[in-house]
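Undergrad: If you use this note's numbering, the sequence shown corresponds to residues 856 to 1185, in order. C-beta atoms are modelled at their ideal positions from N, C-alpha and C, and glycine is treated no differently. Please see the structure below; I have some questions.
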Amino acid sequence: MKLALTGYKPTGAPHLGNYLGMIRPALELAERHEALYFIADYHALTTVTRGREVNDLTYQAAATWIALGLDPEKKALYRQSDVPEVCELAWILACSTPKGLLNRAHAYKAAVDTNHLRGRDADAGVSAGLYYYPVLMAADILLPGADIVPVGLDQQQHVEFARDIAGHFNSVYGPILTIPEPLIDERVATIPGIDGRKMSKSYNNVIPILASFEQLRKSVMGIVTDSRRPEESKDPGTDVIFQLYSHVAPDGAVDEMRAGFEHGGMGYARAKEELFAVLVEMFAGQRERYRDLIADRAELDRLLFAGAERARARGEPILARVREAVVGRR
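Right under this line is the structure:
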C-alpha cells in the first residue's frame, strides 16, 4: 500500500481554503492509502518567533485535524519537532543538494525580488531558514518514504524540489530514497478569499471555519462584491460567493444559486446569507469537537507523541540506510 504524507504549517487559525484545498483531500486519501500527518512547527519558525505562540498554534492545528475527521488512533498525527531524525536527514540532504536549486525556490525568489524593488541588498532580511526551507521539507517527505504528497497547486514546487533533492542524493549514493509524487485536487486548486485573491492568511482574506458564529459571519459578509442589483444577471464563474458556495452546498442548491445569478433574482446579500448558513451547518459538530479538544492539551500531547513514535518507526530504517551510505555506519 502506498504511503501518503500531509504537512500543515501552524501559522494561524484554519480557514476554508485550508479545508477545501488540503485537509479534505488529505483525509479522503487516507481511505485508500496508508497515511501520515504532521504539524510543521519547525517550518513555522521562519515567520513565528515566539515559542509560546508556536506551541499554541500547534495545539490548534492538532485539534483542527482531529475535529475535521482525522482519527489519530488509526492514522499517525505528529509534531515535526518530535521526530529529530527529520533534522538529521535535512543536513545530510543539504550536503548533496545544489545551491542553484534552492535559488529557484518561490519564497526565496519573492524575497529577493521585493528587496530589489526597494533598493536593498538581495538577501536583506532573508534568514538561512527561509533559504533552507525546501531541504527541511524534502526531509519531512523522504524520511518516512512517502509515495504521495497531496498539495495545492501553489505548493507543487515543494514536492518537485523533494524529487530533485532525492534524485541528487540517489545519483551519488544509490537508489535509497523514494521519489514522491505530488497529488493535486484540480477541483479546488485555488480557493478565492473574500477579496477575490487566493485565500491566504498572509492576505488577511480568509473565512475561519471553526471560529465563533460572529467571526464567521463577519468574514462571509465581508466578501467584496460589485454594485449590481439583485435583478441584474451576474457571472457565477467569476463570483467569489458562488465559487465558495459551489464547494460546500448540495448540488441542487448550487444549481439554484447559479440560475439566480445568471437570470437575475439572486442578490449578493441573500447569496452571502445562504453561504453563511451552509458553513454554520457544515462545521457545527466539528466546531464543538474542536472546543473540547483544545481544552485538553494533555490528551493532544498523548496523541501527538504516539503519532511521532509511529512516524519514527517508519523513518529510522530509511535513515539508517542513509547513514550507512554517507558515513559508513548505521
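Report yes if the CB atom of ILE1078 is closer than 8 Å to the CB atom of ILE1096, and no otherwise.
TA: Going by C-beta atoms, ILE1078 is nearer than 8 Å to ILE1096.
Undergrad: Comparing C-alpha positions only, which one of HIS1118, GLY906, LEU1008 and VAL967 sits nearest to MET877?
TA: LEU1008
Undergrad: Does DSSP classify ALA890 as helix, strand or coil?
TA: Three-state DSSP puts ALA890 in a strand.
Undergrad: Name the one or two DSSP bridge partners that ILE1003 has.
TA: According to the DSSP secondary-structure assignment, ILE1003 is paired through a beta bridge with ALA859 and GLU1036.
Undergrad: Measuring alpha carbon to alpha carbon, tell me which of LEU891, PHE1024 and ARG1084 ends up nearest GLY862.
TA: LEU891
Undergrad: GLU1036 to LEU997, Cα distance in whole Å?
TA: 11 Å
Undergrad: In whole angstroms, give me the CA-to-CA distance for ASP1147 and THR919.
TA: Distance between ASP1147 and THR919, taken at the CA atoms: about 11 Å.
Undergrad: Given a cut-off of 8 Å, decide if HIS961 and GLN915 are closer than it, judged by their beta-carbon atoms.
TA: no
Undergrad: Please specify which runs of the alpha helix (DSSP H), each continuous and at least 4 residues long, are wholly inside the region 1091 to 1129, giving them in chain order.
TA: 1095 to 1103 and 1106 to 1118
Undergrad: Restricting to runs no shorter than 4 residues, where is the alpha helix (DSSP H) found entirely within the region 885 to 964?
TA: 906 to 922, 940 to 949 and 954 to 958
Undergrad: Would you kindly check if the distance between the Cβ of PRO999 and the Cβ of GLY1170 is under 8 Å?
TA: yes
Undergrad: I'd like to check one pair, ALA885 with LYS930: are the Cβ atoms closer than 8 Å?
TA: yes
Undergrad: Could you have a look at PRO869 and say whether DSSP puts it in helix, strand or coil?
TA: coil
Undergrad: Report the option in VAL967, ARG1144 and ARG973 whose CA atom is closest to the CA atom of ALA922.
TA: Residue ARG1144 is the option with its Cα nearest to ALA922.
Undergrad: Quick one: using the 10 Å Cβ neighbour count with 16 as the cut-off for buried, is ALA1021 buried or exposed?
TA: buried
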